[in-house]
Structures are given as C-alpha cells and as structure tokens.
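The sequence shown begins at 4 in my numbering and counts up by one. Structure, as structure tokens:
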Amino acid sequence: MSSLRGTWVQLRPITAEDLPELLPWNQDEEINSLADGDYPAEMAAAQEWLTQILSDRYRKYFVIVLNDEVIGDIELDHIAWRSGDAEMRIRIGRKDLWNQGLGTDAVETMLNYAFKRLNLTRIYLRVYAHNKRAIRCYTKSGFVGEGRLNSRYGKILLMRITRSEYLDKENPQTTAV
C-alpha cells in the first residue's frame, strides 16, 4: 500500500512508529466521545492491534499526515470485496487542528482511493448525532443519511455514499436552460 496525497494532507499506511502518537488519543475522553472505534490504550495491546490490522485483507488503515506530522487516522474496515462495500472511520487527534477542513480533505482522499483504486461501490459510516462537526464533513464530502440507531452512548446516524454519487459530485453535468 502506498501513500495517498490530498490537497493538504497525506494518507500513509500505519507503522509501529506511529503508535506513540496514537495512544494518547485512545485515552482522551473528548476524542473517544466523538469517535466510534475500539482503540487500544496501552503499547503492548497497540502492537498486537497493529499486527492484526496489517494482516487483515478486509481493512485498509492509514495515518493522516500534515507537514510530516501525524494528526489523525482513517480506515476502511469490513471491506466486502464481492459486494464492493466498506465502512469508513476517521479521527483527527490533534484538537488544535479541528475545524480547518483537514478531515474533509482526508475523507475525500480516502473516497478517491476507495472508488477509483479499490473499485468499491459503496462506503458507509456511523457517526454520533451530537458530532455536528463530523456530520458537516461527511455531508460536504457527499454522504447522505441512511438511518438512525440508538446506542448506550447516544443516537447514531448511518450515512453512505455510492461510487456513482461520488463520481457525479466530482464531475457535475451542466445542462443548458
């Protein structure tokens, strides 16, 4: 897997050297209240987790890099190669970089990879209803609502984008009136 370049950020495959950057985010209550994922909190567990990720053919995991610094992570998980579906997760762990469009850049870079290089047909995600920042990011990137769930942590919105919706957004057709 090679690195992917967005407008501002780069997505590169995760390595063991990235774990010390990620671990503090795994223990941050504010980040965990917004991100849906089961992230390890200790180094030994993180190394085992990384080994599992790197050997999983149904998962593509990247760190988000800005100016040679890891600022977050993004993944495609539960990739169903036959049906072309995958679940996307993202988090920007650097709070000082929230609200700057970097998450949107990472999401759009991942969608380009998913639809054009992996030939997937549908990307879906779950987002807590109280995470307005993430919902704005996903909507801006072309995701639409698909449903709602209730969990012990709050309401969860289900969102998705298909390859045809993504390609239409990327190359809008103009019609003469």
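Ideal Cβ placement from N, Cα and C applies to all residues, glycine included. Quick caveat, the model's predicted, so the values are computed rather than measured.
Asked                                                                                                                                                                    : Found
Can you grab the Cα-Cα spacing for the pair Arg125 / Asn29, in whole Å?                                                                                                  : 28 Å
Under a Cβ-count criterion, where at least 16 other Cβ atoms within 10 Å of its own Cβ denotes burial, should Met46 be classed as buried or exposed?                     : exposed
Terminal residues of the continuous alpha helix (DSSP H) containing Arg139?                                                                                              : Lys135 to Lys143
Over the uninterrupted alpha helix (DSSP H) stretch that includes Ser154, give me the two end residues.                                                                  : Taken as a continuous stretch (DSSP letters only), Ser154 belongs to no alpha helix (DSSP H), being part of the beta strand (DSSP E) at Val147 to Ser154.
Going by other Cβ atoms of all chains shown within 10 Å of its Cβ, with 16 needed for buried, is Val12 buried or exposed?                                                : buried
For a minimum of 4 consecutive residues, which ranges assigned as the alpha helix (DSSP H) are wholly contained in the region 55-120?                                    : 105-115
Using the beta-carbon count (16 or more within 10 Å), is Leu170 buried or exposed?                                                                                       : exposed
Taking Glu78 as the reference, give the member of Ser36, Asp71, Ile95 and Ser86 with the closest Cα.                                                                     : Ile95
Evaluate Leu152 with the Cβ neighbour count: other Cβ atoms within 10 Å of its Cβ, from every protein chain shown; 16 or more gives buried, anything less gives exposed. : exposed
Would you kindly report the start and end of the unbroken alpha helix (DSSP H) that includes Ile34?                                                                      : Glu32 to Leu37
Could you check the C-alpha separation between Arg155 and Ser36 for me, to the nearest Å?                                                                                : 12 Å
I'd like to confirm something about Leu161: is its beta-carbon nearer than 6 Å to some heavy atom of the ligand SAH, or not?                                             : As presented, the structure is devoid of all ligands, the ligand SAH included, so that no description of it is given.
Measure the alpha-carbon distance for Ile93 versus Asn174 and round it to whole angstroms.                                                                               : 25 Å
Give the single residue among Phe146, Ser6 and Arg136 whose Cα lies nearest to the Cα of Leu69.                                                                          : Ser6
What's the gap between the Cα of Asp76 and the Cα of Lys98?                                                                                                              : 13 Å
Does the distance from the C-beta atom of Ala109 to that of Ile67 stay below 7 Å?                                                                                        : yes
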